[in-house]
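Under this note's numbering, the first residue of the sequence shown carries the number 107, and numbering increases by one thereafter.
Report on the following structure.
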Amino acid sequence: MLVFSLIVQFAYAQAATTEKIDFWDLVGKFAPRFWEGTCLTILISVLSMLLATTTGLGLALVRLYAPRPLAAIAVAYIEFIRGTPLLIQLFFIYYGLPQIPYLGIELPALPAAILGVGLNYAAYEAEIYRSGIMAIPRSQVEAALALGLTRAQAVRYVVLPQALRLVIPPVTNDFVALFKDTSIVSILAISELTMTFRSASMATGRHFGFAVVTALIYFLLSFPLARLARKLEKRIHPHHDFGAKAY
Numbered sequence: 107m108l109v110f111s112l113i114v115q116f117a118y119a120q121a122a123t124t125e126k127i128d129f130w131d132l133v134g135k136f137a138p139r140f141w142e143g144t145c146l147t148i149l150i151s152v153l154s155m156l157l158a159t160t161t162g163l164g165l166a167l168v169r170l171y172a173p174r175p176l177a178a179i180a181v182a183y184i185e186f187i188r189g190t191p192l193l194i195q196l197f198f199i200y201y202g203l204p205q206i207p208y209l210g211i212e213l214p215a216l217p218a219a220i221l222g223v224g225l226n227y228a229a230y231e232a233e234i235y236r237s238g239i240m241a242i243p244r245s246q247v248e249a250a251l252a253l254g255l256t257r258a259q260a261v262r263y264v265v266l267p268q269a270l271r272l273v274i275p276p277v278t279n280d281f282v283a284l285f286k287d288t289s290i291v292s293i294l295a296i297s298e299l300t301m302t303f304r305s306a307s308m309a310t311g312r313h314f315g316f317a318v319v320t321a322l323i324y325f326l327l328s329f330p331l332a333r334l335a336r337k338l339e340k341r342i343h344p345h346h347d348f349g350a351k352a353y
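This is the structure:
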């Protein structure tokens, strides 16, 4: 906290030495744009995470319960996405898809960003869901089958409710990581928080000061979620590792 305080004080001191325009006047001038950028960042994060969690659950179920060819496809998708950079995936969706012969899918920047980030994180969520499902004792499934439930019913009514509860902390952790990773979609010229920072700093030359302001916004939004994830993890399952993204 001491280092963080010194950084803020240095930014203020740098701003105070300006002869022409006070830095905080510039912050006030760009505040509406930062507000819009923050709202857009939150929108991208929420929609991308919804896509990631639903697709990830489907991938996990296919990997665990589908016939072997389908399971192999799910494994290939998960490994490929986890093994390639998000930036390249975004470029492929936004610039590459329109160039595929007889397909030519052209997406606007915002849907392309949500799709790219969501499908990327779906691979990580799939592994978290798979770990959560495998943490449920097999004996519970066997007991459900003995009571007359089908395997699909056993998974739906016995396994998934318990597994979903177990994966809440790592999924929340991944949402924090996703929120910060949305900064990369600025490469598609989307006016989210990072692009707003770039525009403001380039227009005024106050790179350090606006970097501190932007970092503070990211921190103030992500820190409460990180704390919540930590508390949930300690309460639900303090010793289990579900393979959430490392940050």
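Every residue gets a Cβ at the ideal spot worked out from N, C-alpha and C, and that includes glycine.
Only buried fits Arg312, as 16 or more other CB atoms lie within 10 angstroms of its CB.
Around the beta-carbon of Met308, fewer than 16 other beta-carbon atoms lie within 10 Å, marking it exposed. Cα atoms of Tyr227 and Leu132: separation of roughly 36 Å, rounded to the nearest angstrom. The way I'd put it, the segment 142-157 doesn't touch the segment 244-257; fewer than three beta-carbon pairs between them come closer than 8 Å.
According to the DSSP assignment, Leu255 belongs to no alpha helix (DSSP H), since it is labelled neither H nor E. Only residues of its own chain outside the window of five on either side were considered, and among them Val282, Phe285 and Lys286 have a CB closer than 8 Å to the CB of Ser328, listed in chain order. The residues Pro275, Pro276 and Asn279, in chain order, have a CB closer than 8 Å to that of Glu339 in the same chain once the five nearest residues on each side in sequence are set aside. Boundaries for Asp128: no alpha helix (DSSP H) harbours it, and the DSSP string shows neither H nor E there.
In this structure, the straight-line span from the alpha carbon of Ala295 to that of Cys145 is close to 16 Å.
In its chain, beyond the 5 residues on either side, Ala218 and Leu294 have a beta carbon closer than 6 Å to the beta carbon of Tyr200. With the rule of 3 Cβ pairs closer than 8 Å, the segment 223-243 counts as touching the segment 157-165.
Straight-line spacing of the CA atoms in Lys135 and Val223 works out to 31 Å. Distance from Leu165 to Ala258 at the Cβ level is roughly 17 Å; contact not present, criterion being Cβ atoms closer than 8 Å.
Annotation: Gly162 to Leu331 spans about 21 Å, alpha carbon to alpha carbon. If the five residues before and after Leu196 are omitted, its C-beta is found closer than 6 Å to the C-beta atoms of Gly222, all from its own chain and listed in chain order. Assigned with DSSP and collapsed to three states, Val152 falls in helix.
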